[in-house]
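> Pasting in a structure now, in structure tokens, and then I'll have a few things to ask.
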Amino acid sequence: MSIKKPLIWFVFIYIFFQTILILMRHEEQVFWHIITGLMLLSSISYVFYERSIDSRRIPVSIAAGIGASITIVLIHTLASYVTKDVHYFHILKTLVSIGVYYKWQLILSLMITVPLHELFMRSMLQQRLMDITRPWIAILITSAASALLFIWTLNFQLVLFIFIVQCILAVSYAYTKRLITPMIGQILAIVILIFIHAR
Numbered sequence: 001m002s003i004k005k006p007l008i009w010f011v012f013i014y015i016f017f018q019t020i021l022i023l024m025r026h027e028e029q030v031f032w033h034i035i036t037g038l039m040l041l042s043s044i045s046y047v048f049y050e051r052s053i054d055s056r057r058i059p060v061s062i063a064a065g066i067g068a069s070i071t072i073v074l075i076h077t078l079a080s081y082v083t084k085d086v087h088y089f090h091i092l093k094t095l096v097s098i099g100v101y102y103k104w105q106l107i108l109s110l111m112i113t114v115p116l117h118e119l120f121m122r123s124m125l126q127q128r129l130m131d132i133t134r135p136w137i138a139i140l141i142t143s144a145a146s147a148l149l150f151i152w153t154l155n156f157q158l159v160l161f162i163f164i165v166q167c168i169l170a171v172s173y174a175y176t177k178r179l180i181t182p183m184i185g186q187i188l189a190i191v192i193l194i195f196i197h198a199r
């Protein structure tokens, strides 16, 4: 498959997503519904998914995902001391403000939205950029594209934190070239944080 085609499709879809998010930027309480709907729409990226022949074995990929999740939890802990905006309970308040009122919504995000987001960003953008440029450039561009989806709704500190988290996930994907790695990294980190702070 041509490298250009997925990238061109990504640009068109991403511009469409940003247009919707800009138009709806004053409707914060329905942001979760909007982003979930957009991620469901992004499932079209499965058409462009190709498993890399250089991907690492499943056990290594899972271990890398676990390592990424632990790194994210540690970064979150350190960041919480620097700014209250990324503190766990402040994030909970932010989730409520953008329309996450029920546990089933969080479960839906973990089971559907996160995997679709990873499929969209890794298969259509990061992997294609890694094929034509240096890995660190692909990591930075992909992480920025992901974080900027939230620029119209969240404050700068949270967007910056999302960017850092996405960099960690992008590095883990660049290492294993398997979608399971960033999926595990992101989902497990959220589960660990919930377990730690829900006591």
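Be aware that the sequence shown starts at 1, since it is given in my numbering, and climbs by one per residue. Beta carbons are placed, not taken as given, at the ideal position from N, Cα and C, and that holds for glycine.
Could you tell me whether the segment 131-144 touches the segment 65-76, using the rule of 3 or more Cβ pairs below 8 Å?
no
> Which residues in the same chain have their Cβ closer than 6 Å to the Cβ of Y49, if we skip the five residues on either side of it in sequence?
For the purposes of this step, residue 49 is taken as residue 49 along the sequence shown, with counting starting at 1. Contacts found: S123.
> Give me the Cα-Cα distance between I194 and I112, rounded to the nearest whole angstrom.
Locating residue 194 in the sequence shown gives position 194, counting from the first residue. Locating residue 112 in the sequence shown gives position 112, counting from the first residue. The alpha-carbon atoms of I194 and I112 are separated by roughly 18 Å.
> Comparing alpha-carbon positions, which option in I35, T176, I184 and C167 lies nearest I75?
Walking along the sequence shown from the start, residue 75 turns up at place 75. A check of alpha carbon separations from I75 across I35, T176, I184 and C167 identifies C167 as the nearest.
> Leaving aside the five residues before and after M1 along the sequence, list all residues of the same chain whose C-beta is less than 8 Å from its C-beta, in chain order.
By 1-based counting over the sequence shown, the position of residue 1 is 1. Any reading at M1 needs caution, since the residue's pLDDT is 49, under 50, leaving its predicted position unreliable; the model's value is listed next. Same-chain partners within the cutoff: F48 and E50.
> Shortest alpha-carbon distance to Y46 belongs to which of V11, I15, E118 and L110?
In the sequence shown, counting from the first residue as 1, residue 46 sits at position 46. The residue with the shortest Cα to Cα distance from Y46 is E118.
> If I measure Cβ to Cβ from S176 and keep anything under 7 Å in the same chain, skipping five residues before and after, which residues do I get?
Reading the sequence shown from its first residue, position 176 is the one you call residue 176. Just to set this straight, residue 176 is Thr in the shown sequence, not Ser. Closer than 7 Å at Cβ, skipping near neighbours: S55, R56, V60, S61 and A64.
> Considering Cα atoms alone, identify which of L40, V171, P135 and D131 is closest to P6.
Position 6 of the sequence shown, counted from the first residue, corresponds to residue 6. Cα-wise, what sits closest to P6 is D131.
> How would you call A198, buried or exposed, if buried means at least 16 neighbouring beta carbons within 10 angstroms?
Counting from 1 along the sequence shown, the entry for residue 198 is found at position 198. Exposed: under 16 other Cβ atoms inside 10 Å.
> Could you please give the first and the last residue of the uninterrupted alpha helix (DSSP H) stretch that includes R128?
For this step, residue 128 is matched to residue 128 along the sequence shown. Q127 to I132 is the extent of the alpha helix (DSSP H) around R128.
> State the DSSP-derived secondary structure class of M1, mapped to helix, strand or coil.
Start at 1 with the first residue of the sequence shown, and residue 1 comes out as number 1. Low local confidence applies: a pLDDT of 49 at M1 is under 50, so the model's placement there is unreliable, with the coordinate-based value given in what follows. It is coil, neither helix nor strand.
> Given this structure, state the Cα-to-Cα distance separating W152 from P115, to the nearest angstrom.
Numbered from 1 along the sequence shown, position 152 holds the residue referred to as residue 152. Numbered from 1 along the sequence shown, position 115 holds the residue referred to as residue 115. Whole-angstrom Cα-Cα distance: 22 Å.
> For the alpha helix (DSSP H) that Y175 lies in, which residues bound it at each end?
Position 175 of the sequence shown holds residue 175. From DSSP, the alpha helix (DSSP H) with Y175 extends over F156 to T176.
> Where does D90 fall in DSSP's three states?
Residue mapping note: residue 90 aligns to position 90 of the sequence shown, counting from 1. It should be noted that the sequence gives His, not Asp, for residue 90. H90 falls in the helix class under three-state DSSP.
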